[in-house]
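Peer 1:
There are 2 protein chains.
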Amino acid sequence: MTDGKRKTPSPIDDPALLPYLPMLYVAWADGDLEPSEIRSICRTLTEAQDDEKQCRDLLGSWLDPDQPPSADSLQAMLGAIRTRSADLPDTDRIGLADLGVELARTGGREVSASERRALEEIEDALGIAGTEVSQLILFPARPSETAEEPGPAFDVAAMTRLLDGEYEEIRNRMRELLRQPEFRYEYGLDRAAYRERVLEWARRLAAEGIGALSYPEAQGGAGDMLSFIAAFETLATHDGSLLVKCGVQFGLFGGSILQLGTQRHHEQYLRVVGSLELPGGFAMTETGHGSNVYDLRTTARFDRGTGEFVIDTPDDAARKDYIGNAALHGKLMTVFAQLEIDGEGYGVHAFLVPVRGDDGRVLPGVRIEDCGEKLGLNGVDNGRLWFDGVRVPRENLLNRFAEVSVDGGYSSPIASPSKRFFTMLGTLVGGRVSVALGAHSAAKSALTIAVRYATRRRQFGPAGAPETVLLDYLTHQRRLLPRLATTYALDFALKHLANEYQEGSDDDRREVEALAAGLKAFSTWHTTDTIQICREACGGQGYLAVNRFAALKADTDVFSTFEGDNIVLMQLLAKGLLTGYKRQFGGMGLLRLARYVAGQTATTVAELNPVVTRNTDESHLRSRDFQLPAFRWRADHLLSTLARRLKKRLDDGMDPFEALVAVQDHAVATARAHTERVILEQFWAGIERCEDPDLAEALVGLADLFALYRIELDRGWFQEHGYLEASKAKAIRKTVNKLCCQIRPQALHLVNGFGIPDELLGAPIAT
Amino acid sequence: MTDGKRKTPSPIDDPALLPYLPMLYVAWADGDLEPSEIRSICRTLTEAQDDEKQCRDLLGSWLDPDQPPSADSLQAMLGAIRTRSADLPDTDRIGLADLGVELARTGGREVSASERRALEEIEDALGIAGTEVSQLILFPARPSETAEEPGPAFDVAAMTRLLDGEYEEIRNRMRELLRQPEFRYEYGLDRAAYRERVLEWARRLAAEGIGALSYPEAQGGAGDMLSFIAAFETLATHDGSLLVKCGVQFGLFGGSILQLGTQRHHEQYLRVVGSLELPGGFAMTETGHGSNVYDLRTTARFDRGTGEFVIDTPDDAARKDYIGNAALHGKLMTVFAQLEIDGEGYGVHAFLVPVRGDDGRVLPGVRIEDCGEKLGLNGVDNGRLWFDGVRVPRENLLNRFAEVSVDGGYSSPIASPSKRFFTMLGTLVGGRVSVALGAHSAAKSALTIAVRYATRRRQFGPAGAPETVLLDYLTHQRRLLPRLATTYALDFALKHLANEYQEGSDDDRREVEALAAGLKAFSTWHTTDTIQICREACGGQGYLAVNRFAALKADTDVFSTFEGDNIVLMQLLAKGLLTGYKRQFGGMGLLRLARYVAGQTATTVAELNPVVTRNTDESHLRSRDFQLPAFRWRADHLLSTLARRLKKRLDDGMDPFEALVAVQDHAVATARAHTERVILEQFWAGIERCEDPDLAEALVGLADLFALYRIELDRGWFQEHGYLEASKAKAIRKTVNKLCCQIRPQALHLVNGFGIPDELLGAPIAT
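Chains Z and L are the protein sequences, given in the same order. Residue numbering for the first sequence is 1 to 767, as defined by the working numbering. Residue numbering for the second sequence is 1001 to 1767, as defined by the working numbering.
1) Measure the CB-CB distance between Z:Ile323 and Z:Val392 and report whether it falls below 8 Å.
2) Would you say L:Ile1567 reaches chain Z, if we count a Cβ-Cβ gap shorter than 8 Å as a contact?
3) What does a CB cutoff of less than 6 Å around Z:Arg622 pick up in its chain, not counting 5 residues either side in sequence?
4) Between the C-alpha atoms of L:Asn1399 and L:Ser1412, what's the straight-line distance to the nearest angstrom?
5) Pick helix, strand or coil for L:Leu1385, following the three-state DSSP scheme.
6) For Z:Gly220, tell me which candidate among Z:Ala206, Z:Ala231, Z:Leu226 has the shortest Cα-Cα distance.
7) What residues from chain Z crowd round L:Thr1285, counting only those whose CB sits closer than 8 Å?
8) Of all the CB atoms in chain Z, is at least one closer than 8 Å to the CB of L:Gly1580?
9) By a C-beta neighbour count over all protein chains shown, 10 Å radius and 16 as the cutoff for buried, is Z:Ala770 buried or exposed?
10) Please report whether the beta-carbon of L:Met1001 lies at a distance below 8 Å from any beta-carbon of chain Z.
11) I need the straight-line Cα distance from Z:Arg175 to Z:Phe232, nearest angstrom please.
12) Return the first residue and the last residue of the alpha helix (DSSP H) that Z:Val736 is part of.
13) Report the rounded CA-to-CA distance for L:Val1272 versus Z:Ala80, giving the unit in angstroms.
14) Looking only at C-alpha atoms, which of Z:Glu123, Z:Pro69, Z:Gly107, Z:Asp381 sits nearest to Z:Pro22?
15) Spatial neighbours of Z:Gly540 within its chain, please: C-beta separation below 6 Å, excluding the five flanking residues on both sides.
16) Counting Cβ pairs closer than 8 Å, one from the segment 437 to 454 of chain Z and one from the segment 234 to 241 of chain Z, do we hit at least three?
17) Counting only Cβ pairs nearer than 8 Å, list the residues of chain L close to Z:Trp28.
18) Taking Cβ-Cβ distances shorter than 8 Å, what residues in chain Z pair up with L:Thr1528?
19) With distances taken from CA atoms, which of Z:Thr475, Z:Phe139, Z:Leu646, Z:Leu428 is nearest Z:Glu563?
20) Can you round the beta-carbon distance between Z:Pro15 and Z:Arg84 to whole angstroms, since I take them to be within the 8 Å contact cut?
21) For L:Pro1610, does the count of other Cβ atoms within 10 angstroms reach 16, so buried, or fall short, so exposed?
22) Give a yes or no on contact between the segment 1222 to 1232 of chain L and the segment 1187 to 1202 of chain L, applying the rule of three or more CB pairs nearer than 8 Å.
23) What does the Cβ neighbour count give for L:Arg1452, buried or exposed, with the cut at 16 atoms within 10 Å?
24) Distance check for L:Lys1419 and L:Phe1401, CA to CA, integer angstroms please.
25) Per DSSP, which one or two residues make a beta bridge with L:His1458?
26) Can you tell me the Cβ-Cβ gap for L:Arg1479 and L:Tyr1581, rounded? I've got them flagged as a contact below 8 Å.
27) Keeping to the same chain, check which residues put their C-beta closer than 8 Å to that of L:Lys1738; ignore five residues upstream and five downstream.
28) Run through the segment 189 to 259 of chain Z for me and flag every whole alpha helix (DSSP H) of 4 or more residues, listed as ranges in chain order.
29) Just checking: is the beta-carbon of Z:Glu208 within a distance shorter than 8 Å of some beta-carbon in chain L?
30) Can you pull the DSSP bridge partners for L:Arg1341?
31) Report buried or exposed for Z:Gly587, applying the criterion of at least 16 other Cβ atoms within 10 angstroms of its Cβ.
32) Which bits of chain L does Z:Thr561 rub up against, with CB to CB less than 8 Å?
33) Name the DSSP beta bridge partners of L:Tyr1410, please?
34) Please classify Z:Val736 as buried or exposed, where buried requires at least 16 neighbouring CB atoms within 10 angstroms.
35) Report all residues from its chain with a CB closer than 6 Å to the CB of L:Phe1522; omit the five preceding and five following residues, and keep chain order.
36) By Cβ distance below 7 Å, which residues in the same chain neighbour Z:Ala673 in space, the five residues on each side in sequence not counted?
Structure representation (structure tokens):
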């Protein structure tokens, strides 16, 4: 064959040129040779070929930068190389020069020593030493993919049992229940149908006794709050709307009756709430006031004449908003309103207010509007409520913490209105614990899907080799594995929280509330971040509804907002830290801040040891002796400097509220550092309790990764404060990379350890 | 009145106790007095009252820690204080001690000097010096909210014109068009109805000539790519599905015909593509291969006998996936397939393949499946395509870069198959430019909604004062304003990119492609992050579909994946930087990496000047002389160390692909640093061109915030490399806070400067 514009025969037709064929092909096919490079090749060739004039001329003409070969000629060269090399032995790891020598041999031509030198020089000049190019030329199809994931280094079922803890039984019951075909996911349902589906599902759970788990046995429950929480956590690996519907009905609505009501309310309502015969809701939030419950504006005026409370919505900003179960199904609401007796305000109290009759019709004086389409959780019928002179009997006050007598006398076991308010709110901390755990389960689902996909999906790869499994890419490990480690770490902290919530005495109530605030914020933010990264890590597949990220993302997105806005919660925790949990803040509480702050400024923070701040040994970095003190030092230092900055402002006569606003970012950082410290401490405590050495070893790796990743993220701060020298900060980064590589082979088994059944994961890319 | 358990009369009945009434109330109502505190108050009181035995005894009984007053008594005390102080003048800034004195006076009792001292001591002991407590006691209702936003310091319309630039006219035309009632948003539409709505909308835009803007005038267009891009950018403030539907039809499908086809294709198709009479799609992605186009596996075999190409899908992994317009509306597809002639592979080429007839029926040999529900963009009918021996005439090869003759001869103006491949792909870079701009518009919408809401919504506040506007909180400013600054900064960089894309010569094509890769990744990540933060900043309101975040989030989420996965793109840019844009990498390209890398390792990075690394003056931090060199130094340093690390691995004989994987995180950081540098440079260049001093001043503040915020985010790195000393890193953090406060009063006007009509924002909370 000939090239269009060229008179000389193609090198494939001339045995003399055979040794140069691979080089020629590469020189042109690579497409980016610069003229100077081609000239250099030319020179090398022609020098070597001094005694073979004809060959040199031929080659020269094929190497003229102004006269590149045609696409067709190049293709023909490639074809000739492949044909001629087809029967050669041992070509799978051959360099270009050697390939040329072998090709020449197939044409019966021996290559001289000087020619071989020239070939090697060109190979060098092209900058393609190595065997990859010939791999590509000779084996255009990538080899088939054979690598398998390494087996588990620990007993995966044992890991699941470890994480399940004491509540293994209820978790397994939930898993079995939710695996049933009736709970199968369906996509693209319209809102009305979805809401009905969720109601059916919730009834099914109620029928199984799940809803009443935390209620007294006398009311058909099990009297076991932790069991309910464990069921809720497991439920969160299923549909988000079902989770929230159940949370509203059994947790918030039923919980408010349980915690704020007394025996008469328990007897009258809890059984039918738990069985879902009486659907209801928790009407706290108003359009104008969400996190700031103290300033709610719905009123409950006591009418001495009839012995009733009269519930009113003064204006649209005071309408109850976002109330789950309000738009369609709810019949009775726990309504939070400002109690008024004889024109005097007694603060926020909770009242049971019927909003729909048995026939489902909205009752007189009540107006209800559907909140409509939401970002997620569209299976929950959120609505808005207005009350216009709605009368409820005196007994409908949930009266555990305050009673109004027939003649309008007000009494309470808690004299201080401020303390009473926070005691009432405090009983609802279970909601925060539950949201933290619910978010956590969603993160586990997302990680399970993304890690499984990442061990199967291949894309790109070294020349001539199978494409590379996604999880073998450092960037992919970097995205998924630290989040996997954080999720494991959180598991121990959240279970600690649930236990403290259940078992804590009244004395440490505030500490539990503060811990719940911090962990709820951390967990929900972690979940939002993790699901997002997992979605991106699954590319377009992650964008399909069947692969679950759509629902996981959308449904959990509001977790950072409800049950307390995360930023508000972080400040609540910071205030708790500032006062050693001695006070609640709100109403007039803030005004005594100065005295507690002064106490905190005296906190001494451990001195830095320059030997430690410079130590870059991996064994040091991976030891608890480095990690725990680092987390503690940061938390202590942030707290004492926060107190000092606040004190300065208060001393200068700044309004306490404004002083707090001025150091708000510092307060949030303090709360976050404290929360991370608790997480690390609880993770290590959990590892110490673990008796299975294989599990413990796997967990230690995760704890190291969690700790060092968090320090890495905040290494700007640690360096600013002299805790890390630059060399150590760099060493930590490297160790994080190394840990990612070390954990990678176990990643699949670690997500499987979460124990989420395939039916609940749903995602075809992961099951 | 009397207290239940108490025999002594209430202090409200005894004039002698009136001066102590406010203290008594606060001591108990505050709810958290410790017994030691109460005892200390008791002591102070009894000491002062030595000569008034009766009064002392009475007080003592009311301060007994074991006998707190009842809730009712406390409420009565409050009532008495309020009643008695009602007619007092000047109580709005009175301290507790003074209030006591005044109350006594209303009862006709004068307070002695020693009593006054005692009162002051107690006030101090309670830690409530100041006037806030009496504010709270006397004025339980917060004052009404009167503060207004400050006016603009610049001409808002002029800012919009500045951002609109040369393409103001088409942008205004788009705004006017999209404001029409027919384009009004509707929520909760089912998928089928939504898809039809989007098709109608797209037809409407086509009828206005928007679709054909980039096509030649001869085919009914305006021959103006930048005009099309500007229209697309503006369209992105409306519905995401409409944006992507138009992007697929006019940009990708039409664009592939325009860029990869020749005159005959233009004449035959462009007019009907632009008018949407011929809906089509762009079938590149396969289930098994997205970003890795080189390894696509659909085949197009040339049948010499009939002169046709035969398109086949070898297996399910090679099915075309996620193809917009495929599930319902598309009739013709640009299909990317491996060209085979006589069993030889020629690499990926594009073919026009009909998939539906005029009647809308799927053609023989073609199988189509709907991708179903997605996370977002559900108004776009994405589908999957399988081809089974589908024959298309030879003319259906888009033959600008390669032709197959009747007898199967292959020719191309670009001899090198590698270069040809990248030239083909390179023509499609417009898609990346468009996605970067589309994401950018969505970020603007989100910021406009969130900032407007943040200037209206109030929550919490100082005691007795109106609640505080959200945007007056530091944490709120911290969340929104740096993102606002980044969005402004990006605006200039993205317009620079669009211009370079349009005007760049063939020589700097690779640089433009690399820039598009970096900015597309940066912009889409920034958008995902910004929308998320904006949603959270709007709390529950942000979760309602009508307030737009649901759609903004869901629709743009896939932007980080399509038109090139962001992580892959960042590595593309890093490779471009490593070679000074001299090479494309892919196929065998990577193999010559070593030679270019060696060149980069010689790059010298400017020496550090200790005077500069320690300078914490605000004027220095806010100067271009600090910011630009910092961005440049980081980019240069990362690049040269990346090259060095790579070279070491290559010198050690590591496979180039694996060497790159080993330093992947470094490569991504390098690409990001480079992109941020370009953004800052372009922002400053834009400010220099700005002739309106008010606008320029506003932009300078944003540039400072952008630059310092980015340095703050990466201050870990800057400290590790000795570029910032700890004191300077801290000073930067403080300056970011200060800039947030300074920009806050203009925030509303800055988002209004984006010029998004209310009808397009939609959100009731913002309009």
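Even for Gly, the Cβ is constructed at its ideal location relative to N, Cα and C. Bear in mind the structure is a predicted one, so any value in this text is a computation, not a measurement.
Peer 2: Taking the structure as given:
1) no
2) Chain Z, which has a Cβ nearer than 8 Å to the Cβ of L:Ile1567, makes this yes.
3) Asp704
4) Cα to Cα, the separation comes out at about 9 Å.
5) L:Leu1385 falls in the strand class under three-state DSSP.
6) For Z:Gly220, the closest C-alpha among the options Z:Ala206, Z:Ala231, Z:Leu226 is that of Z:Ala206.
7) Gly540
8) no
9) Nothing about residue 770 of chain Z can be read from this structure; chain Z reaches only from 1 to 767.
10) Reliability of the predicted coordinates at L:Met1001 is poor, the pLDDT of 37 falling under 50, and no value is obtained from them.
11) Looking at the two C-alpha atoms, the distance is approximately 11 Å.
12) 726 to 743
13) Distance from the CA atom of L:Val1272 to the CA atom of Z:Ala80, rounded to whole angstroms, is 45 Å.
14) Z:Glu123
15) none
16) yes
17) Ala1415, Ser1416
18) Gln532
19) Of the listed residues, the one whose Cα sits closest to Z:Glu563 is Z:Leu428.
20) Rounded, the Cβ-Cβ distance is 10 Å, inconsistent with contact.
21) By the C-beta density criterion, L:Pro1610 is exposed, having fewer than 16 other C-beta atoms within 10 angstroms.
22) Fewer than three beta-carbon pairs drawn from the segment 1222 to 1232 of chain L and the segment 1187 to 1202 of chain L are found closer than 8 Å, and the two stretches are therefore not classed as touching.
23) Around the beta carbon of L:Arg1452, 16 or more other beta carbons sit within 10 angstroms, so the residue counts as buried.
24) 10 Å
25) One detail in the question is off: residue 1458 of chain L reads as Arg in this sequence, not His. Per DSSP, L:Val1469.
26) Not really, about 37 Å apart at Cβ, beyond 8 Å.
27) Cβ neighbours of L:Lys1738 beyond the five flanking positions: Glu1618.
28) Runs of the alpha helix (DSSP H) lying entirely within the segment 189 to 259 of chain Z, each at least 4 residues long, are 191 to 207, 225 to 235, 240 to 246 in chain order.
29) no
30) Per the sequence presented here, residue 1341 of chain L reads as Ile, with Arg not at that position. Partner(s): L:Glu1344.
31) The predicted position of Z:Gly587 is uncertain, since its pLDDT is 46 and thus under 50; no value can be drawn from it.
32) Glu1536, Gly1539, Gly1540, Gly1542, Tyr1543
33) L:Val1404
34) Per the 10 Å Cβ criterion, buried.
35) Thr1675
36) Arg634, Ala635, Leu638
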